[in-house]
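All the letters of the sequence shown, read from the start, carry residue numbers -23 to -1, 1 to 164 under mature numbering (1 follows the signal peptide of the UniProt record, and there is no 0).
Even glycine gets a Cβ: it sits at the ideal position worked out from N, Cα and C.
Remember, predicted model here, so these are calculated numbers, not experimental data.
For reference, the structure is listed below as C-alpha cells.
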Amino acid sequence: MKRIIASLSIITIVLLMSAGATRAYFSDTASVTGNTFSTGTLEIRVNGEPTVLGAVFDPAVPGTEYTSPVYGMQNYGPPWFGGPSNLTANTLLLNVANPSDTTSDLWNGLMVRIEVGRSSGVTWYNIYEGFLKDISDLDLFNGHWTELIPGSTQDMRYTVWVEEDGDQSELMGESLIWDFVIEGRTN
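Right under this line is the structure:
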C-alpha cells in the first residue's frame, strides 16, 4: 500500500513539474524571457479599416488598363493610429482569395500589375505583372523595404486589363469578383 501511495505522489509531482515547465503566459508586450513567452499585437488595416471594398471596373474593354485608387496598408498602432498594434511587420504578403468564377475566360485572362510605395510624393515600384490567378504569397516589400513599423503605412495600387487578341466575344457579359488578402507577419 505504501508503494502505491509513493508511486502516486511521484506521478503527481512529475505532472506538476511538466505543467510548470511548459506553461505559456500571454501578455500585451512582445518579449521572451526564460521560460515565459509573451505576445504583442500586429494589426494590419487598409485605409484604417479591417476590410474595404475594392475598385469596380465596369464596363471594361479589352486592351484598356484600369487602375485602382491607392490603398494604404497600415500597421495600425501608435503614434499615428489609435489601434493596438505594437509589433513590427517583417513580412507583408498579398494573396488572391474567393474568386467568383475560376473557370471563366476572364479569370484565365485577367492581367494585373501591382505597385507599392511609401510616403507622400510616392515613388511607385512595380512588384508584379502577370495573371491575377498566379498571385500567391506576393512579397509587398519586394526588396525595397524590410519592415512596416507600428504607426506606418505602405501604399498599394493595382492595374487590371485583358490583352487585346482580336476576338473578345467569349468575354462579353463576364464578370469577376475576388478578394485581395493582405497578411502581416512578424517573421
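- Rounded to the nearest whole angstrom, the C-alpha separation of V23 and V47 is 10 Å.
- Between the alpha carbons of G31 and L83 lies a distance of about 18 Å.
- When secondary structure is reduced to three states using DSSP, G86 falls in the helix class.
- Within the region 36 to 112, the runs of alpha helix (DSSP H) that reach at least 4 residues and sit entirely inside it are, in chain order, 82 to 86.
- Annotation for Y105: I91 and L115 place their beta carbon closer than 6 Å to its own, counting only its chain and skipping 5 residues before and after.
- DSSP places F157 in the uninterrupted beta strand (DSSP E) bounded by D156 to R162.
- Annotation for N119: I104 place their beta carbon closer than 6 Å to its own, counting only its chain and skipping 5 residues before and after.
- Between Q131 and L117, the C-beta gap is smaller than 8 Å, which places the two residues in contact.
- Secondary structure of E26 (DSSP, three-state): strand.
- Between the alpha carbons of G128 and L109 lies a distance of about 30 Å.
- Judged by their CB atoms, T41 and W155 are not nearer to each other than the 8 Å cut-off.
- In the DSSP assignment, D132 falls within the unbroken beta strand (DSSP E) covering T130 to V139.
- Contact between N72 and N164 does not hold, since their C-beta atoms are separated by about 17 Å, which reaches or exceeds 8 Å.
- Between E141 and the set I126, G86, L153 and S152, the nearest pair of CA atoms involves G86.
- Rounded to whole angstroms, the Cβ separation of T100 and T44 is 16 Å, and the two are not in contact under 8 Å.
- Its Cα nearest to that of G25, the residue Q51 stands out among Q51, P39, D35 and V33.
- By DSSP's assignment, I21 forms a beta bridge with N52.
- Comparing alpha carbon positions, the residue from L125, H121, S146 and I112 closest to F157 is I112.
- An exposed status is given to I126, since fewer than 16 other beta-carbon atoms sit within 10 Å of its beta-carbon.
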